[in-house]
Amino acid sequence: MSDTSAALERNSASYLAPAFLAITVLLWGTSFMATKTALAGFAPSTMVWLRMTIATLMILPMARRIPKPDYRPGDWKILAFLCLMQPCLYFLLESNAVNLTTSSQAGMLSCLVPLLVAAGAWIILREPLTRNILLGLAASMAGVVWLSLAGAPDADAPNPALGNLLEVGALTCAAVYMVVMKQLSTRYSTWWLTGLQCLAGAVFFLPGGILAAPTDWSAIPLRAWLGVGYLGGFVTLGAFGLYNMALTMMPAGRAALSINMVPPVALVAGWLLLGESLTLAQMAACCVVGLGVWIGRR
Numbered sequence: 620m621s622d623t624s625a626a627l628e629r630n631s632a633s634y635l636a637p638a639f640l641a642i643t644v645l646l647w648g649t650s651f652m653a654t655k656t657a658l659a660g661f662a663p664s665t666m667v668w669l670r671m672t673i674a675t676l677m678i679l680p681m682a683r684r685i686p687k688p689d690y691r692p693g694d695w696k697i698l699a700f701l702c703l704m705q706p707c708l709y710f711l712l713e714s715n716a717v718n719l720t721t722s723s724q725a726g727m728l729s730c731l732v733p734l735l736v737a738a739g740a741w742i743i744l745r746e747p748l749t750r751n752i753l754l755g756l757a758a759s760m761a762g763v764v765w766l767s768l769a770g771a772p773d774a775d776a777p778n779p780a781l782g783n784l785l786e787v788g789a790l791t792c793a794a795v796y797m798v799v800m801k802q803l804s805t806r807y808s809t810w811w812l813t814g815l816q817c818l819a820g821a822v823f824f825l826p827g828g829i830l831a832a833p834t835d836w837s838a839i840p841l842r843a844w845l846g847v848g849y850l851g852g853f854v855t856l857g858a859f860g861l862y863n864m865a866l867t868m869m870p871a872g873r874a875a876l877s878i879n880m881v882p883p884v885a886l887v888a889g890w891l892l893l894g895e896s897l898t899l900a901q902m903a904a905c906c907v908v909g910l911g912v913w914i915g916r917r
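Counting in our numbering, the sequence shown runs from 620 upward without gaps.
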């Protein structure tokens with residue numbers, strides 16, 4: 620009976636993990652567009668504080684249903700480091716990055732995360748780097764490079780070089796978080812960790828959020844409020860919670876490979892909702908990225 624239960628659990632995970640990752644990719648891909656929209660009405664620090672606070676308030680009613688963690692002496696250092704990487708440093712860097720570059724370009728750079736996570740998981744978690752993962756990474760990287768080269772200059776990017784550099788720093792923090800998260804997920808509920816991150820972000824960004832708060836809240840456009848609400852309720856809480864759950868069902872390197880689908884989603888969202896450019900070459904490059912992700916999961 621135990622063997623049957625284990626087999627059913629593995630079979631369930633083989634379907635649930637890709638589903639969780641697909642929803643996560645959709646939410647993360649559209650988050651760049653939503654961030655750009657929210658920044659039309661809020662300063663970066665205020666925008667991040669609002670999204671963290673919204674996510675914290677939404678998860679509080681579920682707090683009693685979340686399993687208690689298997690805390691061990693010294694875990695507070697790892698938990699503090701996890702929260703420092705994400706959300707604190709990650710959102711500090713990303714919110715300013717998207718203010719300086721286009722949502723499409725910022726989304727394209729997320730292709731770096733799978734490489735960083737795969738390397739970190741290989742070094743720290745001893746996860747193997749299979750031939751298919753390496754081939755998938757190479758193909759999807761080539762697709763993202765093609766996406767970048769096929770892009771045209773955008774007037775909405777006042778300092779794309781600095782913005783892209785800040786985004787690379789944010790993604791490095793994200794990669795470190797994913798590896799540490801994989802270690803903790805064996806003893807901590809994924810939703811407990813997600814709630815901790817939301818609360819830590821709300822506290823961390825509180826001073827800056829208040830100092831940079833608008834003097835006339837009624838003057839904030841509706842689209843900026845909708846952007847913040849989407850980021851807090853769907854992206855911060857939903858995407859990170861689902862990704863954390865997927866991490867418990869598969870190796871960190873393989874889960875991170877799906878992030879290479881974020882650039883195409885970000886590009887299409889920017890094109891449809893913000894009017895950013897999307898050429899035939901960029902659409903073809905999106906297909907190459909998708910092919911790379913498919914190869915990596917074989």
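The beta carbon of each residue, even a glycine, is placed where N, CA and C say it ideally should be.
Practice item. Out of Ala-758, Thr-656, Met-666 and Ala-738, point me to the one whose CA is closest to Ser-722's CA. Key: Thr-656
Check your understanding: Excluding sequence positions up to five away, which residues of its chain have a Cβ less than 6 Å from the Cβ of Gly-814?
Key -> Ile-678
Review point. Going by the beta-carbon positions, is the gap between Gly-648 and Ala-904 smaller than 8 Å?
Key: no
Review point. So, do the stretch 821 to 834 and the stretch 636 to 646 have three or more beta carbon pairs nearer to each other than 8 Å?
Key: no
Practice item. Identify, in the order they occur along the chain, each residue of the same chain with its Cβ nearer than 8 Å to the Cβ of Leu-627, setting aside the five sequence neighbours on each side. Key: Residue confidence for Leu-627 is low, a pLDDT of 40 falling below 50, so the modelled location carries little weight and cannot support an answer.
Exercise for review: Report yes if the CB atom of Ala-865 is closer than 8 Å to the CB atom of Ala-740, and no otherwise.
Suggested key: no
**Study point:** Contacting residues, own chain, Cβ-Cβ under 6 Å from Ala-821 (five flanking each side not counted)
**Key:** Contacts found: Met-671, Thr-672 and Thr-675.
Practice item. Return the chain-ordered list of same chain residues with a C-beta closer than 8 Å to the C-beta of Phe-651, the five sequence neighbours on each side being excluded. Key: A distance below 8 Å between beta-carbons, with the five flanking residues on each side excluded, links Phe-651 to the following residues of its chain, in chain order: Val-717, Ser-722, Ser-723, Ala-725, Gly-726, Ala-885, Ala-888 and Gly-889.
**Study point:** Assigned secondary structure, Lys-801 (DSSP; H/G/I helix, E/B strand, else coil)
**Key:** helix
Point to revise | Rounded straight-line distance, which links the Cα of Val-736 to that of Ala-843 | key: 32 Å
**Study point:** Proximity of Pro-733 and Ile-878 at Cβ, strictly below 8 Å
**Key:** Contact: yes.
Practice item. Could you tell me the boundaries of the alpha helix (DSSP H) in which Lys-687 lies? Key: Note, Lys-687: premise wrong, no alpha helix (DSSP H); not H, not E.
**Study point:** Among Ala-761, Phe-710 and Leu-712, nearest to Pro-883 - alpha-carbon criterion
**Key:** Pro-883 has its Cα closest to that of Ala-761, out of Ala-761, Phe-710 and Leu-712.
Check your understanding: Can you give the Cα-Cα distance for Tyr-862 and Leu-753, rounded to whole angstroms?
Key -> Answer to the nearest angstrom: the Cα atoms are 21 Å apart.
Check your understanding: Does the Cβ-Cβ distance between Pro-686 and Ala-819 come in under 8 Å?
Key -> no
**Study point:** Residue ranges of each alpha helix (DSSP H) within the stretch 789 to 848, 4 or longer
**Key:** 809 to 823 and 825 to 830
Point to revise | Supposed close pair Val-847, Leu-669 - CB separation, criterion 8 Å | key: 5 Å
Exercise for review: Would you give the residue range spanned by the alpha helix (DSSP H) that Asn-863 belongs to?
Suggested key: In the DSSP assignment, Asn-863 falls within the alpha helix (DSSP H) that extends over 859 to 866.
Review point. To which residues of the same chain is Phe-859 closer than 6 Å at the C-beta, ignoring the five residues directly before and after it?
Key: Closer than 6 Å at Cβ, skipping near neighbours: Thr-813.
**Study point:** Asn-783 (DSSP reduced to helix, strand or coil)
**Key:** Asn-783: helix per DSSP, three-state reduction.
Review point. Just how far apart, CA to CA, sit Arg-699 and Tyr-634?
Key: Rather than Arg, the amino acid found at residue 699 in this sequence is Ala. Approximately 32 Å between the Cα atoms of the pair.
Practice item. Give me the Cα-Cα distance between Gly-758 and Val-908, rounded to the nearest whole angstrom. Key: A small fix is needed here, since residue 758 is Ala in this sequence, not Gly. Those two C-alpha atoms are separated by around 7 Å.
Review point. With DSSP run on the structure shown, which of helix, strand or coil describes Asn-778?
Key: Coil.
Check your understanding: Alpha carbon to alpha carbon, what distance is there between Cys-730 and Ile-914?
Key -> 15 Å
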